[in-house]
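Numbering (the working numbering), first residue to last: 1263 to 1475.
Ideal Cβ placement from N, Cα and C applies to all residues, glycine included.
Just below is one structure, and these are the notes that go with it.
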């Protein structure tokens, strides 16, 4: 097992690195700049350059070079612009799915968002382009041949994790520390029974191990 974290420099991706290290799971950090790669290499973290705005062939070469057999997609434009959000969160995500299918990587785990499938909530979110991108990326993933899992965490915070969550309904939201999202991803990576499932969740009182096992 070797996990490629696409978006490893993001907050959740960075926390996932720590989770995988604590579990002795082999991984490679997918990064979009040489400065990031240099910094991670200095900390003895294996890296792979991946530019989600690049051509399909370039992305294919990058993912093949990583040697991974599991992809976690946690990349995003971070609100830089609506155009870049569509290019990275939607088109970039779909290109990695196309590559995974083409080269035989079956396992694909998507970090999505709460309300990505609830259009009635998009305008109120204030980030409609992001919600749109997530919705259609998720929908594309469901139609692939990949062994996917999609997570829809609630409103993200930087608070200390509790390791306990609750499942949410389609019209519900609550907060969750990013570190608990990273833990969820690590548990999902280790558990094949999560394949083909989607989870919407926030902080609660149920141990994550009970839900993702």
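Considering just the uninterrupted stretch of the beta strand (DSSP E) at residue i, what are its terminal residues?
{"i": "residue 1464", "result": "1459-1465"}
{"i": "residue 1397", "result": "Unbroken run through residue 1397 is the alpha helix (DSSP H), 1390-1404; no beta strand (DSSP E)."}
{"i": "residue 1355", "result": "Per DSSP, residue 1355 belongs to no beta strand (DSSP E); it is in the alpha helix (DSSP H), 1355-1365."}
With C-beta atoms as the reference, is residue i less than 8 Å away from residue j?
{"i": "residue 1363", "j": "residue 1407", "result": "yes"}
{"i": "residue 1465", "j": "residue 1439", "result": "yes"}
{"i": "residue 1449", "j": "residue 1471", "result": "yes"}
{"i": "residue 1316", "j": "residue 1355", "result": "no"}
{"i": "residue 1451", "j": "residue 1373", "result": "no"}
{"i": "residue 1447", "j": "residue 1278", "result": "yes"}
{"i": "residue 1441", "j": "residue 1418", "result": "no"}
Can you give me the C-alpha to C-alpha distance between residue i and residue j, rounded to a whole angstrom?
{"i": "residue 1307", "j": "residue 1290", "result": "7 Å"}
{"i": "residue 1458", "j": "residue 1401", "result": "13 Å"}
{"i": "residue 1293", "j": "residue 1327", "result": "13 Å"}
Rounded to whole angstroms, how far is the Cβ of residue i from the Cβ of residue j, which I believe are closer than 8 Å?
{"i": "residue 1336", "j": "residue 1272", "result": "6 Å"}
{"i": "residue 1322", "j": "residue 1361", "result": "5 Å"}
{"i": "residue 1376", "j": "residue 1437", "result": "Between residue 1437 and residue 1376 the Cβ distance is about 10 Å, and since that is not below 8 Å, they are no contact."}
{"i": "residue 1456", "j": "residue 1411", "result": "5 Å"}
{"i": "residue 1333", "j": "residue 1268", "result": "6 Å"}
{"i": "residue 1288", "j": "residue 1445", "result": "About 18 Å; that fails the 8 Å criterion."}
Considering residue i, what are the terminal residues of the alpha helix (DSSP H) in which it resides?
{"i": "residue 1263", "result": "Looking at the DSSP string, residue 1263 is not in any alpha helix (DSSP H), and its letter there is neither H nor E."}
{"i": "residue 1472", "result": "1470-1473"}
{"i": "residue 1385", "result": "1384-1387"}
For the ligand ADP, I want to know if residue i counts as a neighbour, meaning its beta carbon is within less than 7 Å of at least one of the ligand's heavy atoms.
{"i": "residue 1456", "result": "In the structure on display, the ligand ADP does not appear, and there are no ligands present to speak of."}
Say whether chain C places a C-beta atom closer than 8 Å to the C-beta of residue i.
{"i": "residue 1279", "result": "Given the protein chain composition of this structure (a single chain), no chain C is represented."}
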